[in-house]
Amino acid sequence: MRKLGFLVVLGSLSVSLMGFFAATSFAQTASAQAFLQSIYATYQKTDKALDIGSQQKAARYFVPPVAKLIGEDTATSAKRNEVGKLDFDPFIGGQDWAPTRIDLTVLAGATTDRATGTARFTPPGEKEPTTVTLDLTKTAAGWRIADIHWARQADSLVAILTKPE
């Protein structure tokens, strides 16, 4: 009889833990999803890009090392009076924009501090949709972007910013 009681308690504990971990995973996904939505809400309503024109501004969206790279690229290009390495909007993978519907997804497999998000949309003047993939990391400041990959670009954001001139 004791074995049966033990098995019932063990089974209940297992079910409770599964529920806890599922809820935790959902919460992480939801938070990463909310972060993506906060970025792309602008692009669904206006043709204005988010301002990442300094390290401080970029830090709102990117992990510190990437924000630093963006800040350095911006400062160097301003000093030289030239276009920087990042000569397009990284959130859309292009320069020209018009408000459009953007499907945002956090892919399965998100953990408490890492997730992969996608933004799928049809760029202005094009017939085929494209996908922007964002590597997300949870920092003390909240979810931030660690890297961005574009369907039509071989190099990632970090690769572009760290490529020697």
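Under my numbering, the first residue of the sequence shown is numbered 131, with each subsequent residue one higher. All C-beta atoms, glycine included, are put in the ideal place defined by N, C-alpha and C. Treat the numbers as computed from the prediction; the structure is a model and nothing was measured.
If you measure from the CB of Leu266, is any heavy atom of the ligand ADP nearer than 7 Å?
Within the structure as shown, the ligand ADP is missing, as the structure has no ligands at all.
With Leu113 as the anchor, note down where its alpha helix (DSSP H) starts and where it stops.
With the chain represented from 131 up to 295, any question about residue 113 goes unanswered, as that position is not in the structure.
Leaving out the 5 sequence neighbours to the left and right, which residues in its chain are closer than 8 Å to Gln174 when beta-carbon positions are compared?
On the sequence shown, position 44 is the one that residue 174 refers to. Result list for Gln174: Pro229, Thr230, Arg231 and Ile232, in chain order.
Taking Ala281 as the reference, which of Thr248, Phe165, Asp177 and Pro294 has the closest Cα?
The residue labelled residue 281 in the question sits at position 151 within the sequence shown. The shortest C-alpha separation from Ala281 is found at Thr248.
Given a threshold of 16 other Cβ atoms within 10 Å of its Cβ, counted over all protein chains shown, does Ala284 qualify as buried or as exposed?
On the sequence shown, residue 284 is found 154 positions in, with the first residue counted as 1. Answer is exposed; the Cβ neighbour count stays below 16.
Output yes or no for whether 8 Å exceeds the beta carbon distance between Ile278 and Leu266.
By 1-based counting over the sequence shown, the position of residue 278 is 148. By 1-based counting over the sequence shown, the position of residue 266 is 136. With contacts defined by Cβ atoms closer than 8 Å, Ile278 and Leu266 do not form a contacting pair.
Under a three-way DSSP split, which group does Ala188 fall into?
Locating residue 188 in the sequence shown gives position 58, where the first residue counts as 1. DSSP places Ala188 in the helix class (H, G or I) of the three-state scheme.
Tell me the rounded alpha-carbon separation between Val193 and Ile200.
Along the sequence shown, one-based indexing puts residue 193 at 63. Along the sequence shown, one-based indexing puts residue 200 at 70. C-alpha separation (whole angstroms): 11 Å.
Hey, could you find the ends of the alpha helix (DSSP H) Val288 is sitting in?
Position 158 of the sequence shown, counting from 1, holds the residue named residue 288. Looking at the DSSP string, the run of the alpha helix (DSSP H) that includes Val288 is Leu287 to Thr292.
Among residues of its own chain, excluding the 5 on either side of Leu237, which ones have a beta-carbon nearer than 8 Å to its beta-carbon?
Along the sequence shown, one-based indexing puts residue 237 at 107. Within the same chain, and ignoring the five residues on either side of Leu237 in sequence, the residues whose Cβ sits closer than 8 Å to its Cβ are Ala245, Thr246, Gly247 and Thr248.
Is the separation between the beta-carbon of Val196 and that of Ile275 shorter than 8 Å?
The residue you call residue 196 lines up with position 66 of the sequence shown. The residue you call residue 275 lines up with position 145 of the sequence shown. It is a contact, given that the beta carbons lie within the stated cut-off.
Under 8 Å between C-beta atoms, does Lys257 make it to chain B?
This model lacks chain B altogether, as it is built from one protein chain only.
Residues that Thr278 bridges to, as DSSP identifies them:
In the sequence shown, residue 278 corresponds to position 148, counting from 1. Here residue 278 turns out to be Ile, not Thr, going by the sequence shown. Looking at the DSSP assignment, Ile278 forms a beta bridge with Leu264.
For Val139, which residues in the same chain have their Cβ closer than 6 Å to its Cβ, ignoring the five residues on either side in sequence?
For the purposes of this step, residue 139 is taken as residue 9 along the sequence shown, with counting starting at 1. Residue confidence for Val139 is low, a pLDDT of 43 falling below 50, so the modelled location carries little weight; the figure read from the coordinates is stated next. If we look at Val139 and ignore the five residues flanking it on each side, it has no Cβ neighbours.
Quick one: residues in its chain with C-beta nearer than 6 Å to the C-beta of Arg250, no 5 flanking neighbours on either side, listed in chain order?
Within the sequence shown, the letter at position 120 stands for residue 250. Only residues of its own chain outside the window of five on either side were considered, and among them Asp233, Pro259 and Thr261 have a CB closer than 6 Å to the CB of Arg250, listed in chain order.
Quick one: what's Ala249 bridged to in DSSP?
The sequence position of residue 249 within the sequence shown is 119, counting from 1. Leu234 and Val262, per the DSSP bridge assignment.
Work out the CA separation of Asp243 and Thr269 for me, nearest whole Å.
Residue 269 sits at position 139 when you count from the first residue of the sequence shown. Residue 243 sits at position 113 when you count from the first residue of the sequence shown. In a straight line, the C-alpha of Thr269 is about 8 Å away from that of Asp243.
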